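Working notes, structure below.
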Amino acid sequence: MAPVPMTPIKVGHIYDVQELRSATPTVIPERCIRDMADERPTKATPQPSIHNIPIVDLSNLFEGDEDQFQRELIKLGTSCQEWGFFQVVNHGIDKELLERMEKLTKEFFMLPLEEKKKYTMEPGTIQGYGQAFVFSEDQKLDWCNMFALGVEPQFIRNPKLWPAKPENFSETLVEYSTHIRKLCQNLLRFIARGLSLKEEVFNEMFAVAVQAVRMNYYPTCSRPDLVMGLSPHSDGSALTVLQEAAGSPVGLQILKDDTWVPVQPVPNALIINIGDTIEVLTNGKYKSVEHRAVVDMEKDRLSLVTFYAPSYEIDLAPLPEFINENHPSKYKKYNHGEYSRHYVTNKLQGKKALEFAKIQTKLSS
Ligand SMILES: COC(=O)C(/C=C/C1=C(C)CCCC1(C)C)=C/O[C@H]1C=C(C)C(=O)O1
Ligand SMILES: O=C(O)CCC(=O)C(=O)O
Ligand SMILES: [Fe+2]
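Going by this note's numbering, the sequence shown opens with residue 362, and the numbers climb by one from there.
Now the structure itself:
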């Protein structure tokens, strides 16, 4: 069951922060100012490199000898378990394709508003140009313009939202997505092997996987301390692949041991994170880590994010390999289509969406 647009809802005025920034550079609308101190971004303290997310060298998994393969597989497993985030280098996707997609995405955001408005994200829906996850008039707005498109399978595409400009955008997005899809399938094979599962367990279970891309443009902001680029959330996908545009300021932060840790991107690497699906299937051994994006006073930022998730048809529950006397099942069996609908019809709020799948533990009296 695919997520469907809801009945019309009142979301109030959603600012196009990019337009706002160029028209009135120092104005921050009340709706974008975060209320409480703990909802506001704290100044990220520079982290020693040991605190940066791990780097996984995929060439060791694709073509390494047995020893290199085993060592990298352990590193991948440790990264998933301890961080839920890692960067991949030597991932096999052409730098030229990544740069081309990045350039076209930048060009899309730089089009006049009138042109971008042809692809408006209707209130309560998740595809098109605008701001997703806004469901009420009093909800705070993120300092971000989004452009989101469903890519695979074909039936989730809304052709009216695929832009005619810039030229070649749509073809390039399809080419890009084909490569990112293969990367996800390979990562799922390696993740399965690292967990001592059958290599194809996830790919077979997911059937024709759902794939969507969300391009996030974060304009500069005169008061980055008051606003949030993207609200804290975990991803509803199985895996997420994030490409940061070259020259972007550090913006992504992940919640580790109750501290927001900034992610320093490595040139030409892709950032991967574990989504809610893998958390459920591994019964919480690998967690979908909460993350957010903050903005900068001087540099705008662009991220291209692919969500890779199971087919809407499939039912999910923790795999038996992760359930035993000491580790009872934490999640019920549920349909992923229903979860997707739940995820996209609620505001981003940390890991709240995943409560949908949690088995409530009774407190003993
Ligand atoms: C703005 O959209 C999102 O942030 C988002 C949605 C992705 C999707 C589309 C744009 C088209 C239809 C499919 C899908 C729901 C994946 C986030 O994606 C997460 C949330 C779920 C659930 C998921 O699988 O990825
Ligand atoms: O832009 C970023 O760094 C974060 C993006 C993200 O988390 C998302 O789109 O789900
Ligand atoms: Fe995310």
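Cβ coordinates follow ideal geometry from the N, Cα and C atoms, glycine included. Computed from a predicted structure; not experimentally measured.
Mind checking residue i: buried by the 16 CB within 10 Å criterion, or exposed?
{"i": "residue 374", "result": "exposed"}
{"i": "residue 589", "result": "buried"}
{"i": "residue 491", "result": "buried"}
{"i": "residue 473", "result": "exposed"}
{"i": "residue 433", "result": "buried"}
{"i": "residue 686", "result": "exposed"}
{"i": "residue 566", "result": "buried"}
{"i": "residue 521", "result": "exposed"}
{"i": "residue 519", "result": "exposed"}
{"i": "residue 516", "result": "exposed"}
{"i": "residue 664", "result": "buried"}
{"i": "residue 598", "result": "buried"}
{"i": "residue 511", "result": "buried"}
{"i": "residue 477", "result": "buried"}
{"i": "residue 608", "result": "exposed"}
{"i": "residue 661", "result": "buried"}
{"i": "residue 701", "result": "buried"}
{"i": "residue 637", "result": "buried"}
{"i": "residue 688", "result": "exposed"}
{"i": "residue 454", "result": "buried"}
{"i": "residue 585", "result": "buried"}
{"i": "residue 571", "result": "buried"}
Where DSSP assigns a beta bridge to residue i, which residues make up the other side?
{"i": "residue 621", "result": "616"}
{"i": "residue 432", "result": "In DSSP, residue 432 forms no bridge with anything."}
{"i": "residue 600", "result": "635, 669"}
{"i": "residue 652", "result": "594, 615"}
{"i": "residue 508", "result": "490, 576"}
{"i": "residue 664", "result": "577, 605"}
{"i": "residue 447", "result": "633"}
{"i": "residue 692", "result": "719"}
{"i": "residue 417", "result": "449"}
{"i": "residue 400", "result": "According to DSSP, residue 400 bridges with nothing at all."}
{"i": "residue 705", "result": "Answer by DSSP bridge pairing: none, since residue 705 is not bridged."}
{"i": "residue 481", "result": "490"}
{"i": "residue 659", "result": "Looking at the DSSP assignment, residue 659 forms no beta bridge with any residue, so it has no partner."}
{"i": "residue 571", "result": "670"}
By Cβ distance below 8 Å, which residues in the same chain neighbour residue i in space, the five residues on each side in sequence not counted?
{"i": "residue 614", "result": "402, 405, 621, 622, 623, 624, 652, 653, 654, 655"}
{"i": "residue 386", "result": "583"}
{"i": "residue 444", "result": "414, 415, 615, 617, 650"}
{"i": "residue 456", "result": "629"}
{"i": "residue 581", "result": "382, 656, 657, 658, 659, 660, 661"}
{"i": "residue 469", "result": "477, 508, 524, 526, 527, 530, 576"}
{"i": "residue 690", "result": "644, 678, 679, 684, 720"}
Quick one: what does DSSP say residue i is sitting in, helix, strand or coil?
{"i": "residue 377", "result": "coil"}
{"i": "residue 486", "result": "coil"}
{"i": "residue 387", "result": "coil"}
{"i": "residue 587", "result": "coil"}
{"i": "residue 645", "result": "coil"}
{"i": "residue 553", "result": "helix"}
{"i": "residue 442", "result": "helix"}
{"i": "residue 563", "result": "helix"}
{"i": "residue 755", "result": "Given that the chain is displayed from residue 362 to residue 726, the structure contains no residue 755 and the question cannot be resolved."}
{"i": "residue 541", "result": "helix"}
{"i": "residue 535", "result": "helix"}
{"i": "residue 711", "result": "strand"}
{"i": "residue 513", "result": "strand"}
{"i": "residue 425", "result": "coil"}
{"i": "residue 530", "result": "helix"}
{"i": "residue 496", "result": "coil"}
{"i": "residue 395", "result": "coil"}
{"i": "residue 518", "result": "coil"}
{"i": "residue 460", "result": "helix"}
{"i": "residue 474", "result": "helix"}
{"i": "residue 681", "result": "helix"}
{"i": "residue 699", "result": "helix"}
{"i": "residue 686", "result": "coil"}
{"i": "residue 437", "result": "helix"}
{"i": "residue 467", "result": "helix"}
{"i": "residue 502", "result": "coil"}
Using a Cβ-Cβ cut-off of 7 Å (strictly less than) and excluding sequence neighbours within five positions of residue i, which residues of its own chain qualify?
{"i": "residue 458", "result": "536, 537, 540"}
{"i": "residue 452", "result": "419, 544, 631"}
{"i": "residue 682", "result": "558"}
{"i": "residue 627", "result": "416, 448, 450"}
{"i": "residue 647", "result": "441, 442, 445, 635, 639, 640"}
{"i": "residue 466", "result": "576, 663, 665"}
{"i": "residue 430", "result": "421, 422"}
{"i": "residue 461", "result": "533"}
Can you find the residues in the same chain that come closer than 6 Å, C-beta to C-beta, to residue i, ignoring five residues on each side of it along the sequence?
{"i": "residue 463", "result": "606"}
{"i": "residue 484", "result": "370, 372"}
{"i": "residue 564", "result": "546, 549"}
{"i": "residue 560", "result": "550, 553, 554"}
{"i": "residue 680", "result": "642"}
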